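> Numbering (this note's numbering), first residue to last: 6 to 108. For each residue, glycine too, the CB sits at the ideal point set by N, CA and C. As the structure is a prediction and not an experimental result, all values here were calculated from the model.
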């Protein structure tokens with residue numbers, strides 16, 4: 006995924022735009038890899054950000070935000086799943102950032 010930084014406040018905030026989103030899923034079929042156009046454009050990552058928020062005791066809270074859209078139907082059903090999956094990915098990223106920062 007290609008990203009560009011759209012806002013940077015040193016030591017406080019990083020905002021980045023995403024320019025392409027990998028396919029949301031790959032079809033399994035007996036013919037090897039096949040481009041499935043019916044899957045194009047249904048999920049797009051648009052923007053992400055990280056904010057460093059000072060806390061008492063010299064600690065820092067890292068807040069991450071993702072902005073995305075999907076065109077799956079029914080919206081209520083798929084919104085629950087996409088929020089859950091995006092949330093799990095965010096937690097994984099935050100855990101890795103924490104691990105590296107505390108080395």
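Who are the Cβ neighbours of residue 99 in its own chain at under 7 Å, not counting the five residues just before and after it?
These residues qualify, in order along the chain: 67, 69.
> Might you give, ordered along the chain, the residues of its own chain that have their beta carbon closer than 6 Å to the beta carbon of residue 48, omitting 5 neighbours on each side?
Result list for residue 48: 29, 75, in chain order.
> Excluding sequence positions up to five away, which residues of its chain have a Cβ less than 8 Å from the Cβ of residue 18?
Only 12, 54, 55, 56, 57 meet the Cβ criterion.
> Considering Cα atoms alone, identify which of 31, 6, 35 is closest to residue 25.
With distances taken between Cα atoms, residue 25 lies closest to 6.
> Pick from 35, 73, 61: whose alpha carbon is nearest that of residue 21?
Closest by alpha carbon: 73.
> Sort 78, 62, 9, 84 by Cα distance to residue 52 and report the nearest one.
When only C-alpha atoms are compared, the closest one is 9.
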